[in-house]
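Just so you know, the sequences run in chain order A and B. In terms of this note's numbering, the first sequence opens at residue 5 and continues consecutively. In terms of this note's numbering, the second sequence opens at residue 72 and continues consecutively. All C-beta atoms in this analysis are idealised placements derived from N, C-alpha and C, irrespective of residue type, glycine included.
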Amino acid sequence: TSTQGRLDSFFKVL
Amino acid sequence: MFEARMAQAALLKKVLEAVKDLVTDANWDCTSAGISLQAMDSSHVSLVSLLMRKDGFDMYRCDRPISLGINIASMTKIMKCANNNDAVTLRAEDEGDTVVFTFESADQEKVSEFEMKLMDIDSEHLGIPEREHTATVKMPASEFHGICRDLSTIGETVQVSVTKEGVQFTASGDTGKGTITLRNNSSVDEESQQVVITMQEELSLSFALRYLNFFTKATALADSVTLSMTADLPLVVEYRIEDTGYIRYFLAPKIDD
């Protein structure tokens, strides 16, 4: 099984 | 004062088509260089990044940077009032709270003007570094559209595998499994029909088809699409808007539990 990643965890919030 | 005129309303209609399923409200950031927009979908899984450089416009003036907070559905409704061949001009005062759309028919016998209220949108901006990816696949935009549509009939997730042999898209579900393989055909004369794969090493990543199908709403904007992939990083799906900009979508990968 897999979960959907969120973009916040990959890119820095400016 | 901000003022930008494009020759064909059709282009702006296509841009809206490409963002309206992902984004409800967005800031259109206007500077002397052009117009850009960055917005995430409500679940922060995907992001759309649009750039329209000023050289893509017939006329472009932006005295100082301005953010136009726009409800995408409202703007889509207004743009539906323009014919594809109409010239469209966007105009906003520096301290104003509206944007004015002017549509001029090709024969210049009809002029329509629509004023739309701007919104205050407090959106999170992500810093996305430009980077080299482990694998890129350039293919006809219509081909990618068809693959996403067809595999959605089988399952919710697509596994994209890039090998020396080509690129393979696989989906599986309760009813079975579907696999579509494209081979490198960079020797095809027509550039827009080429499948060009670059790869530093083999990789396999999984993505939600629901979002890829939203991204393919940009198909009308470009002949080709480029997928850029690196293990454990978001996928980048890029459609170039002629030579004057792009629409890029980012999608976080599915992570194995």
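For Leu304(B), the nearest beta carbon of chain A is closer than 8 Å to its own beta carbon.
By the Cβ criterion, the region 306-325 of chain B is not in contact with the region 233-247 of chain B, since fewer than three pairs of Cβ atoms, one from each stretch, lie closer than 8 Å.
Around the beta carbon of Gly198(B), fewer than 16 other beta carbons sit within 10 angstroms, so the residue counts as exposed. Residues of the region 95-125 of chain B with a C-beta less than 8 Å from any C-beta of chain A: Met111, Ser114, His115, Val116, Ser117, Leu118, listed in chain order. Straight-line spacing of the CA atoms in Phe172(B) and Ala163(B) works out to 9 Å.
Between the region 150-157 of chain B and the region 92-102 of chain B, the count of C-beta pairs closer than 8 Å stays below three; the two stretches do not touch.
Residue-level contact by beta carbon fails for Ser299(B) and chain A, as no gap is shorter than 8 Å. Of all residues in the region 189-203 of chain B, those with a C-beta nearer than 9 Å to a C-beta of chain A are Glu195, His196, Leu197, Gly198, Ile199, Pro200, reading in chain order. When Cβ pairs closer than 8 Å are counted between the two stretches, the region 256-270 of chain B is seen not to touch the region 307-314 of chain B, the count staying below three. Contact annotation, Val94(B) with Tyr282(B): C-beta distance approximately 12 Å; criterion of less than 8 Å not satisfied.
In this structure, Ala89(B) lies away from Leu322(B), with their beta-carbon atoms at least 8 Å apart. Put simply, the backbone Cα of Lys85(B) is about 11 Å away from that of Thr287(B). Counted as a single uninterrupted DSSP element, the stretch harbouring Asp100(B) is not any alpha helix (DSSP H) but the beta strand (DSSP E) occupying residues 96-102.
Put simply, the backbone Cα of Asp328(B) is about 17 Å away from that of Phe14(A). The Cβ neighbour count for Thr297(B), taken over all protein chains shown within 10 Å, is at least 16; the residue is labelled buried. Beta-carbon to beta-carbon, Leu87(B) and Leu139(B) are separated by about 14 Å, too far to satisfy the 8 Å threshold.
Taking the C-beta atoms as reference points, Thr241(B) is found no nearer than 8 Å to Gly247(B). In the DSSP secondary-structure assignment, Gln239(B) is bridged to Ser232(B), Thr252(B). Within the region 125-184 of chain B, the alpha helix (DSSP H) runs of at least 4 residues that lie entirely inside it are, in chain order, 143-150. Ala323(B) belongs to the set of residues whose beta carbon lies under 8 Å from a beta carbon in chain A.
By the rule that beta-carbons nearer than 8 Å mark a contact, Ala279(B) touches chain A. Chain-ordered listing is empty here: chain A has no CB closer than 7 Å to the CB of Ile137(B), the nearest sitting near 19 Å.
DSSP lists Val119(B) as the bridge partner or partners of Ala110(B).
Non-local C-beta neighbours of Lys209(B) in its own chain, meaning closer than 6 Å and more than five positions away in sequence, comprise Val267, Ser295, Thr297, ordered along the chain.
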